[in-house]
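The structure appears below as structure tokens.
Residue numbers (the working numbering): 1 to 582.
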């Protein structure tokens, strides 16, 4: 910015010469977005700039009639490079810039509103169709139960197929990012001095004079009659550029240089930062966005879902729990009727075996272990019996969150070929949550292959006595442990950290998960800044709750440092990775 101020001061002339032009031209250039399914119609856009809502919006800003402003604007199409130039001329450079930018902004706003309205109407239409099909399927199911013939069954099958197609269209439309108008600003308007002849020629073109010899209101009008167009342009004689103006021009140049530096940095920075970034890189939906704690809360040693159940973070983990529980339900609805869906839900509830969920991340320090313990607390809150198996035996971290569950460390070694699960399970201070930690110190053999084999046997033994078994694994791309455990997991949850996980690692992990046919629920984005602001309505004050009651077995209640320390690490305020970040 300082460099721009200096350049503006030096390069801007300090006084106006006698031949310096008093007329200016400002052009705002719009360009069609690449990669859109249907490129914008430049001829139609040119018409929208002259008729309808666009000129009315700009005229309301300037307090004049739309026709007066339209007569001051020249629109040029360039189909070869798909650009649209909106040009305004006048004796006031600021006004010329405002007019050109105003028309461009009004056009983009009008197109955006139209696109959003069309999307909303499409969602409403598909939702209504789904309701209609569900009602008809329910009616046909009733007829079949009453002994209807094959014709009714055929009608039901056809409706089921149609329901699947419509539901898939609805899901695709819901997951799509906000639709764009296919048009963006390539170059905002900048006032450029022009000669008097160029000024007159531009006015002739905007007024529509086709014959240069034909008199116009500018060349041969009644001297006593004021032309509204000339009144709009008349802003008095130009003044020499003042030091203040030279400084402003320099500041503008500095701003352009600063924006260029930011854009350049963003181009070479491949870290994921938003929900859209994560979904695009992984090719998976983001099923939960975990917000950051405030700075004064980031060093609290606690499992937030259990000890602050009314916080936004606890609510985010409840959303993750719901996504994991109903992942199979959403998948089955695409090709099955509502009655089939209800029967499948009943079977899932009646199944005695617990669900095994494997939680992993592309790399270390991305919030994987924190996600496991908070998801376990969210499950336990709903009455489920949860067992956590710390499968990251190279850098275990679950015992930092649940110290009460870390029983028998260094004692009671169990053979790999005949594991005694009951002797290794420790109860935590969270009701309904138990854990097995420090496997490397509890088994007679500590070879990675033996440990992984032991974890498989442990999970199979724990299924009948647990509603949910959560496996905290090593980073997916760092070692092979998580891949070897995919076959015992019913569902897989991928954890990514905003500002740390790279696009390259996300793409590689997505490729491996697809190759191994993993049953992935979706991505948990930790440290997301895109959590909907409407949730703040429910947590306008400090998001705390009553502390948990003291643990029963005479154990001292202790906390652990949570994943929210990631924010401090991203700011360079932590010297090393804390176990809670794993």
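Cβ coordinates follow ideal geometry from the N, Cα and C atoms, glycine included.
- Per DSSP, residue 521 lies in no alpha helix (DSSP H); the unbroken beta strand (DSSP E) holding it starts and ends at 520 to 526.
- Taking all protein chains in view, the Cβ of residue 496 is crowded by 16 or more other Cβ atoms within 10 Å, so the residue is classified as buried.
- For residue 41, there is no enclosing beta strand (DSSP E), as DSSP marks it with neither H nor E.
- For the set 387, 56, 24, the Cα lying nearest the Cα of residue 432 is the one of 387.
- In this structure, DSSP gives residue 78 an extended state, which the three-state scheme calls strand.
- Between residue 456 and residue 488, the C-beta spacing is below 8 angstroms.
- Taking residue 113 as reference, the option from 54, 149, 79 with the minimal CA-CA separation is 54.
- Assignment of beta-bridge partners to residue 436 by DSSP yields 389.
- Residue 479 and residue 394 have their alpha carbons spaced roughly 10 angstroms apart.
- For residue 101, the CB contacts under 7 angstroms within the same chain, skipping 5 residues up- and downstream, are 28, 188, 189 in chain order.
- Under the DSSP definition of a beta bridge, residue 87 partners with 27, 74.
- Counting only residues of its own chain and dropping the five nearest sequence neighbours on each side, residue 75 has a CB closer than 8 angstroms to the CB of 46, 49, 50, 84, 85, 86, 87.
- Close CB contacts of residue 153 within its chain, under the 7 angstroms cut and outside five residues either way in sequence, are with 144 (chain order).
- Counted as a single uninterrupted DSSP element, the alpha helix (DSSP H) harbouring residue 455 occupies residues 448 to 462.
- When DSSP states are grouped into helix, strand and coil, residue 196 belongs to the helix group.
- When the Cα atoms are used, residue 377 and residue 146 turn out to be separated by approximately 46 angstroms.
- Judged by DSSP secondary structure, residue 356 falls outside any alpha helix (DSSP H) and instead within the beta strand (DSSP E) spanning 355 to 360.
- Taken in chain order, the complete beta strand (DSSP E) segments of 3 residues or longer contained in the stretch 459 to 496 are 468 to 472.
- Selection 184, 269, 256 evaluated against residue 111 yields 184 as nearest (Cα-Cα).
- Selection 466, 191, 282 evaluated against residue 506 yields 282 as nearest (Cα-Cα).
- Leaving aside the five residues that flank residue 126 on each side, the residues in its chain whose CB is nearer than 8 angstroms to its CB run, in chain order, 166, 169, 170, 173.
- Beyond the five residues adjoining it in sequence on each side, residue 470 comes within less than 6 angstroms, by CB distance, of 357, 372, 376, 388 in the same chain, given in chain order.
- Looking at the backbone, the Cα of residue 107 and that of residue 428 are separated by about 60 angstroms.
- Shown here, residue 190 sits in coil according to DSSP, grouped into three states, outside any helix or strand.
- Annotation: the continuous beta strand (DSSP E) that includes residue 290 extends over 286 to 290.
- Less than 8 angstroms separates the beta-carbon of residue 321 from that of residue 379.
- Spanning the alpha carbons of residue 155 and residue 326 requires a straight line of approximately 28 angstroms.
- Here residue 501 carries a coil assignment [DSSP, helix/strand/coil].
- Here residue 518 has 486, 492 as same chain residues with Cβ atoms under 7 angstroms from its own Cβ, once five neighbours each way along the sequence are excluded.
- It is roughly 11 angstroms from the alpha-carbon of residue 511 to the alpha-carbon of residue 504.
- In chain order, 32, 182, 183 place their CB closer than 7 angstroms to the CB of residue 40, counting only its own chain and leaving out the 5 sequence neighbours on each side.
- With respect to the C-alpha of residue 192, the residue from 255, 97, 142 having the closest C-alpha is 97.
- A direct Cα-Cα distance of roughly 38 angstroms separates residue 447 from residue 291.
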